[in-house]
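Shown next, in structure tokens, is the structure this report addresses.
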């Protein structure tokens with residue numbers, strides 16, 4: 001909560017909690033209903049007790065799930081760890097784990113966090 005003691009854009013909050021912007025705004029809406037946070041301008045939020053001016057912060061879009069999936073898939077021709085993908089792509093480790101889990105449940109990956117992940121054999125480029 002200390003992070004939003006000053007005005008923050010929805011994009012900044014999403015980046016801070018390592019989630020997409022729509023997820024972050026859903027969390028913010030729930031916190032607004034509980035009286036913890038208030039919207040001070042379009043896409044700009046602060047704690048409910050914020051008394052400063054209504055600052056409007058320019059909006060930034062977070063990387064979409066589809067973009068993350070394609071970025072990560074491009075690096076999975078060889079076996080790769082979560083940390084390796086984080087270092088190669090710059091995507092936060094938590095988001096890499098979520099994306100890998102989704103790809104694994106879709107049947108596109110083989111492996112695990114211990115041995116590393118890679119695309120299933122028929123999807124790899126020869």
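Residue numbers (UniProt numbering): 1 to 126.
Even glycine gets a Cβ: it sits at the ideal position worked out from N, Cα and C.
Values in this document were obtained by computation on a predicted structure and should not be read as measured data.
Rounded straight-line distance, which links the Cα of residue 66 to that of residue 118: Roughly 18 Å separates the two Cα atoms.
Taking the alpha-carbon positions, what's the residue 30 to residue 55 distance? The straight-line gap separating the alpha-carbon atoms of residue 30 and residue 55 is approximately 22 Å.
CB-CB under 7 Å to residue 19, same chain, minus the five flanking residues each way: which ones, in chain order? Same-chain partners within the cutoff: there are none.
Residue 34 to residue 28, Cα distance in whole Å? Distance between the alpha carbons of residue 34 and residue 28: 10 Å.
Straight-line Cα distance separating residue 50 from residue 113: Residue 113 and residue 50: Cα-Cα distance of roughly 42 Å.
6 Å CB neighbourhood of residue 86 in its chain, flanking five on each side removed: The answer, listed in chain order, is 93 and 96.
Which residue's Cα is closest to the Cα of residue 81: 106, 105, 111 and 58? It is 111.
Looking only at its chain, what residues have a beta carbon closer than 7 Å to the beta carbon of residue 4, apart from the 5 residues adjacent to it on each side? Within the same chain, residue 4 has close Cβ partners 13, 37, 45, 46 and 47.
Under 8 Å by Cβ, that's how I've got residue 79 and residue 103 pegged, so tell me the actual separation to the nearest angstrom. With a Cβ gap of about 14 Å, residue 79 and residue 103 do not count as contacting.
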